[in-house]
Structures are given as structure tokens and as C-alpha cells.
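Heads up: the sequence lines are chains R and B, in that order.
Per the working numbering: the first sequence = residues 1 to 305.
Per the working numbering: the second sequence = residues 1001 to 1434.
Even for Gly, the Cβ is constructed at its ideal location relative to N, Cα and C.
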Amino acid sequence: MSGVVALVRPVEAAPRRRPWRRDWTPELLLAPALVAIAAVMGFPLAYLCYMSLHKWSLIGFAAPAFVGTGNFTALFGDERFTNSLWRTFYFTALGLATNLPAGLGIALLLNRAFFGRGLLRALLIFPMVATPVAMGLVWVVMLDPSLGVVRYLFGLVGVADPPLWLSDTDWVIPTLVFVDAWMWTPMVALICSAGLAALPVEPFEAATVDGASAWQRFRYLTLPLLMPMLLVAAMLRLMDLLKVIDIVYVMTGGGPGHASETINLYNYLVALSYDKIGYGAAVALVLFALVLAGTLGLIRLRRAA
Amino acid sequence: MATLTRREALGLIGLAGAGLAVPRPAAAAAFDWKRFSGTELHFMVSVHPWTAWAQKQLPALADATGIKINWEIIYEDQLRQKLPLLLRSDPGAIDGFFTLPSWDMAAFSRAGWYEPLDKYIHSDLTAPDWDLADYFPNILKIHQVKGEQIGIPITTELQTLFYNKAMLREKQLDPPKTLDALMAAAKALNNPKANIAGFVTRGDGVQAVYTLAPFIFAYGGRWLDDKGNPELSSPAAVDGLRYYGEILRAAGPPNIVGMQWKTSYPLFQQAHAAMFSDATNFITFFKDPDQSRIVDDVGVAALPAGPGGTHSTLISWGPAIAASSKKKEATWTAIQYLTTKAMAASALAATHNPPARQSVYNSDLYTKSVPADLVAATKAEIDSAVPNGANPIVVPVPEVRAAIGSAIVAVLQGKDARQAAEAAQQEVVKILAG
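Shown next as C-alpha cells:
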């Protein structure tokens, strides 16, 4: 061991450069990007942390007062916050559980050659490019039990009394997840489609020759090979689902009561409507930590895959 | 309101010029509109038909007064965030602003951001024919803090009962005048099989605080006591809340829980509800032949009376002077110019918002532009309506509305009104304490 060290050391030491004289080109080239990131991301984040440690109000009759971690400890006694947190997890889990299989399924269908495939692909993008707020409002009208078409369609297949969707505290989250899935499953499908198109052909030919069934080919070839793409889609969806606010805001405003209040909506209300900037900053930091943790977890999974 | 066709509106504008014996500001004798000529002002206002109309009057205002105004229009939510910041951190940056007292008053008056206007109104800074007494006295109260004027109301926004004439006729019912009659009529008209609700209003907690208010007032309740403490669990408030839950559970649409106004008014408009209560402005949607199925069937009545009488809510936006402005007298001149009788008539023709001035309200320009029963209903309500009754006048309005809203949702879900009211009372006490 020491012999190796003895052999290696002189080689390592040979240039004998002083550290500051080494080649700084990579760092220099990266510097503008680093400065930009620090400015547009680092500063707001640092300022958010600073605000979260204060009792802070815009209308305010008093200057911001330092309260230490008071805002964070208050969060855990705040039922609306803890409820919105669990509700967001429920929304996210339900969203991922529907988006990913459905997106993969659509991608597998689109992977076969059939007449009108190009058109179908183009049509798929439609819900995704439409404004979520406008689409949310359209769905509100469609789901209305008196005026909407959904109840009528259920009636056609023999369901006379479908749930009240957005007015039912048990159904409101699944309904919102459905609308979200209607908008964003196509994105998962497109990502999976791209992945499928890039898969190597040889393993599949070999498997077919060896007599593997379609299910076996899917289970042991397609799925593992596609896993990195699927995880990218999962990561993008996870971030969006945890942060969901637009469709909830326009479709239910968090109601009935607080039954569909997600953490991001609660954050908006607390900070900008209730004028508790410091407390809102604390909520925002918790949400930020959640999204970051979820994303890092998926990145690690992807590396493993 | 906008029940006018374009041609009718244009005709009415001509009528305003000819029929209303109101002098143009520049023609008012002996008043020097040019006293503050050369002054530049900064107004921050929200998106609103009146502010859009006012923006178009600025060139004429500059000609008549020599005052130039930087008229900054932003969305209401942004106004509530940006205005306090500027008023607090940059005195003199804002001269005038647009305020909705039911929402802003507690915070703005406590912070000292409103300039009291009485000393301007009752001085030679005000044209003799501007005429404060022309305003409905109860509407002026919307913009008063402890009896002192802090802004000038520009509209009359009441709540009334809208009903479908054909549906009531079919059941041989008269428009209900009492809460008992309303309950009976709603139940009689309710027909779930035909997808018709007997009565609909808002069911979304935060929004429904506004539509619940007249029911609490009708039982003799009020939001706050004289010291500003909440009175949400008073017997009258509980009765109002219970009634609201009962009528909507018995005769409301199936999805009433969480229903926002954007979902409730289409039900009435598409003949899926027999009666509807909300702001008078909704008449526009019901009289629009392009979207309404009840253009000829919509009737309007004053809100039904309870044991405590009938008390609608009365709210209005209006311009105010920033206490930190360094050009308050010029700002008053500008506000005064935009609120003269002639200008109020011009604003009505452009915005269709019911006027706050009696002379314009009683003129043909207004009475011929809206259904006669709407004029009758609102006239019956104006004097007994509660100025700024839309919600409790407190600093944290949105948070307090959310707390009251939870109680509304609870009764709509069939929970006990007393328990719901007491929970809201405790929650609001907690919010106000801290």
C-alpha cells in the first residue's frame, strides 16, 4: 500500500502548481450562469427565509417583528395547514396513480401504426395547451347537475343519480384529479411515446425468437427500458401536483368549506389575502421543501434505474 | 343596467344632455375650476366600469381644471397589495385612490390613510352646485368613518329578490314579502324532477357571507356590536343562519354546497331556478337576450322581511384622497369634477351602474333603462339597507369571511346552526385578537 502511495505521490506532485494558478476556465465559463441563478433563485429564497422568521404584514400597523421559528411552530397547531398538507398528498398520490398508467397506456397504443395516428397525437396536445383557468371553468359548467352535460351522459348509461362532484366533500378531490389528469396525461403519453420510439429493436426481436409472450416483453423489456423516461414524467407531474392551485382556485376556490384547499392555495390565501406575509413565507418554505424532497427522491430513483 | 342596446344608450345620452337640467361643471358660475391648474396627480384605482369611464374623461378634466392625472388602473387584488405598500413607504406617491369601504375601511382608517373630506366639501373648494345633499343619505354613509366623509360613493349596489314571473304565475303565487312566504314559495316551486330549484343564492362559504347578511339583518341581527366585537352567535344571527341553511336545503339546487355566484346565477338565467337573491347588478345577465331564457319573465322585488324588517346590504366603490398626499386640494378638485351631476349621468350612460345621486337615480336616464320593478324594489330598500353590511367591518376581512363561510357551509351540509355559529364566533374572536 505504502509502495503504491510512494509511486503515485511524485507523479501527483510533479506539476507543483499553486492552487490559484490552476486553469480556472471551467469556473469562468460557468460564472455568468451561477451569478444569474444566485440572483433569480438564491436571493428570493434567502429573502423568503428571512420573511418566514418575522411577523410581517403589508397593511401593517407595525414594522415586521422577528419571531424566530414561531411561524413554523404555529404551523403544526394550524388545522387548516395540516389538513391542506394531507389533502395535497392525497391529490398528488391520486394524480400520479392515474396519470402514469394512463399516459403509458396511451403511448403504447400510439406506438402501433394505425390510420390517423398523427392526427390523434396532435389532438392529444389540445388539453395541455389550453389555459387551465378556462378549462377549469368549462368543466365547472359541464359538471353542473342542473345545466351540465355530464349528468346527462351518466343518465344515458343508466346512472340516474351520479355524485355531486364538486359539491360533495368526498368527491371533490377525485373530481379535481380527473380534470387535472384530463389536462396533463397527454404530456406523460408524449414523454413515454418519445421513450418508446427510442427503444432498441434487438432485445425485442431476441425475446420474440425465444418465445416471450407480449406481457413478458412488456414486463421484462419495455417497462425496465422505459423506466428512466417514466420517472422523468413522474418527476414533472409530481412537481405540478404538489403545487396545484389554478384549477382548484377557479373550480372550487378550495371548497366546499375547505374540502379541496391544497397547500399552495392555502399559502396564497394566507400570504396575499389574509396579509400574513411571514406566516405565508413559512408555508411556502414547507411546500418548497416538499417539492425539492420529492424531486430529489425521484432523481435518485432514476439513477438507480 | 346594461339592458340597453347600443342605440338606446346613445339615445339616452342625448336625452341626458337635453333632459337633465344639470349645468356642465365649466358652466357653473363663480367657481374657479382652474385654481390648481398645472398640478400633476397620481391616482391608483382598480379595474371597474367607473374607472374605465373616468379614464376617458381625463382629457376633458385637464381642459377644465388644468390638472393632469396619471390614472393607474390595476386589478383589485393587486390594488390591495400595492396601495398599502406605497401609502406606507412612500408618502406623497399617491394622491387619490379607489376604495371599497366594506373591505378596506377598517384597515385604512386605522392606518390613517383616508383624508377626511368634510373640510373640503364644506368650503369654497367645492362648487356650489356640486351638492352633497343630492346623494342618498344612506349611500353617503358607505364612505363615512365616524360620521366624516372619507370618499365619494359612485354607485348603489343593493341585493334584491329576483323571481321568474311565469313560474310564480303557474303556481298562483305572489312575489313573497316575508321570509315565511319566501320559504313556502320556494318549497312550492321546487321541482327536482324537472331540475328546477325553488330558490338559489350563493353556497360558497366565503362568497355567501354577502348573501347571508340580509337574512341575519332580517332577524334583527348584526355582524358586530358597538365596540366592534363579533355577534355571530346572537339568537338573531343563529336564526338567520338557520333559515339560510333550511331554505337552501329544502328548495335549493342539489349542488348548493360550495356554489359560487358564477354557478348560481346561470341556474336562474336558464330557468332552472324560480327565485334568486343577489346583487342588483345581475339584472344585466337576465335581460341579455343573447344568454338569458327569462328576458321577459324576470321580476324583481325587495328582499322579504323577517321579524326585524327588511335590510339589504349597500356597498359602493368610490374615489378617496390619500392622507399622505401633498396635493390634497387639487386631488379634491379632480374627484369633485368626476362626480358632478352631469358626470354622474355620463358615468351611468357608460357603465349602467345604478347612480348614487338622487337627481340621476330619479331621472329618465336611469328609470327608463332598467325594469320599473327593479327601480321600485331598490327605492324601497335604500333607506333601510345596511351601509357596508356585506361583511363585518374589520381589518382581516378575508380571514373573517372564511370563518363565517365555514358556518354557512356547515348549515348547508345539515349541521346545527347554533353550533356552527358559535364555532364561527370563537374563530372570529381569535382572528381579531391576533
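Residue i, DSSP secondary structure in three states
i         : result
Lys1327/B : coil
Pro1023/B : With a pLDDT of 44 at Pro1023/B, under the threshold of 50, the modelled position of that residue is not reliable, and no figure is offered here.
His1048/B : coil
Gln1144/B : strand
Tyr266/R  : helix
Leu287/R  : helix
Lys55/R   : strand
Ala63/R   : coil
Gly1299/B : strand
Thr1156/B : coil
Glu1040/B : strand
Gly1258/B : coil
Pro1355/B : strand
Ala36/R   : helix
Ala259/R  : coil
Val1386/B : strand
Gln1291/B : coil
Ser193/R  : helix
Thr1313/B : strand
Pro1175/B : coil
Ile1150/B : coil
Distance between residue j and residue i (C-alpha atoms, nearest Å)
i         : j         : result
Gly1434/B : Val1400/B : 12 Å
Val1145/B : Tyr1135/B : 17 Å
Phe126/R  : Leu226/R  : 25 Å
Gly1066/B : Ile1335/B : 14 Å
Asn1138/B : Ser1359/B : 15 Å
Val141/R  : Gly42/R   : 42 Å
Phe306/R  : Asp1032/B : The shown model of chain R, from 1 to 305, leaves out residue 306/R, and the question about it has no answer.
Thr1178/B : Ile1069/B : 49 Å
Ile1074/B : Gly1038/B : 26 Å
Thr1263/B : Trp165/R  : 14 Å
Glu79/R   : Gln1207/B : 22 Å
Pro1266/B : Ile1283/B : 12 Å
Trp1113/B : Ala122/R  : 55 Å
Thr1160/B : Pro1175/B : 12 Å
Val1022/B : Leu1140/B : The pLDDT assigned to Val1022/B is 45, lower than 50, so where the model puts this residue is not dependable, and the model offers no usable value.
Asp1180/B : Gly1308/B : 13 Å
Ala1030/B : Pro1128/B : 9 Å
Leu230/R  : Trp184/R  : 14 Å
Leu1189/B : Leu1303/B : 18 Å
Asp168/R  : Pro174/R  : 10 Å
Pro162/R  : Gly1405/B : 26 Å
Leu1100/B : Ile1315/B : 8 Å
Near the ligand HEM: residue i beta-carbon under 7 Å from a heavy atom
i        : result
Tyr279/R : This structure simply doesn't include the ligand HEM, nor any ligand for that matter.
Anticipated Cβ contact below 8 Å, residue i with residue j, distance rounded
i         : j         : result
Phe1215/B : Ala1273/B : No, Phe1215/B and Ala1273/B are not in contact; Cβ-Cβ is about 17 Å, not under 8 Å.
Ala289/R  : Met51/R   : 16 Å between Cβ atoms; not a contact.
Met1259/B : Asp1204/B : 6 Å
Trp1050/B : Trp1332/B : Between Trp1332/B and Trp1050/B the Cβ distance is about 18 Å, and since that is not below 8 Å, they are no contact.
Asn264/R  : Leu298/R  : About 19 Å; that fails the 8 Å criterion.
Val133/R  : Asp246/R  : 6 Å
Val1409/B : Val1209/B : Their Cβ separation, rounded to whole angstroms, is 11 Å, which puts Val1409/B and Val1209/B out of contact at 8 Å.
Gly103/R  : Val188/R  : 3 Å
Leu1338/B : Leu1086/B : Not a contact, Cβ separation roughly 21 Å.
Asn267/R  : Val283/R  : 4 Å
Thr1126/B : Ala1356/B : Not really, about 17 Å apart at Cβ, beyond 8 Å.
Contacts of residue i in chain A (Cβ-Cβ under 9 Å)
i        : result
Pro145/R : This model lacks chain A altogether; the protein chains it does include are R and B.
Compile a chain-ordered list of the residues in the region 195-227 of chain R whose CB is closer than 8 Å to at least one CB of chain B.
none
Determine which residues of the region 1076-1104 of chain B have a Cβ less than 8 Å from any Cβ of chain R, and write them out in chain order.
Asp1077, Gln1081, Pro1084, Leu1085 and Arg1088
Compile a chain-ordered list of the residues in the region 1244-1264 of chain B whose CB is closer than 8 Å to at least one CB of chain R.
Pro1253, Pro1254, Asn1255, Ile1256, Val1257, Gly1258, Met1259, Gln1260, Lys1262 and Thr1263
Closer than 8 Å, Cβ to any Cβ of chain B: which residues of the region 38-72 of chain R, in chain order?
Leu58, Ile59, Gly60 and Phe61
Within 8 Å of chain R by C-beta, residues of the region 1393-1409 of chain B in sequence order:
Val1395, Pro1396, Pro1398, Glu1399, Ala1402, Gly1405, Ser1406 and Val1409
Sequence ranges, alpha helix (DSSP H) only - wholly within the region 1181-1249 of chain B, length at least 4:
1205-1218
Kindly provide the ranges of any alpha helix (DSSP H) runs that are 4 or more residues long and lie completely inside the region 1052-1127 of chain B, ordered along the chain.
1076-1089, 1101-1111 and 1118-1121
Short-range partners of chain B found in the region 152-177 of chain R, where Cβ spacing is below 7 Å
Leu164, Leu166 and Ser167
Select from the region 1264-1283 of chain B all residues with a C-beta closer than 9 Å to any C-beta belonging to chain R, and list them in chain order.
Pro1266, Leu1267, Gln1270, His1272 and Ala1273
Against chain R, which members of the region 1170-1195 of chain B pass a CB distance test of less than 9 Å?
Asn1195
Could you run through the region 243-268 of chain R and flag, in chain order, every residue whose CB is less than 7 Å away from some CB of chain B?
Thr252, Gly253, Gly255, Pro256 and Gly257
Sequence ranges, alpha helix (DSSP H) only - wholly within the region 133-185 of chain R, length at least 4:
149-156
Chain R contacts from the region 1193-1219 of chain B (Cβ-Cβ distance under 9 Å):
Asn1195, Ile1196, Ala1197, Gly1203, Asp1204, Gly1205, Val1206 and Gln1207
Output needed in chain order: residues of the region 268-285 of chain R with a Cβ under 8 Å from some Cβ in chain B.
Leu269, Leu272, Ser273, Tyr274 and Asp275
Give, in chain order, every residue of the region 130-144 of chain R whose Cβ lies closer than 7 Å to some Cβ of chain B.
Val140 and Asp144
Using a Cβ-Cβ cut-off of less than 7 Å, give me the residues of the region 1109-1121 of chain B that come near chain R, in sequence order.
Arg1110 and Ala1111
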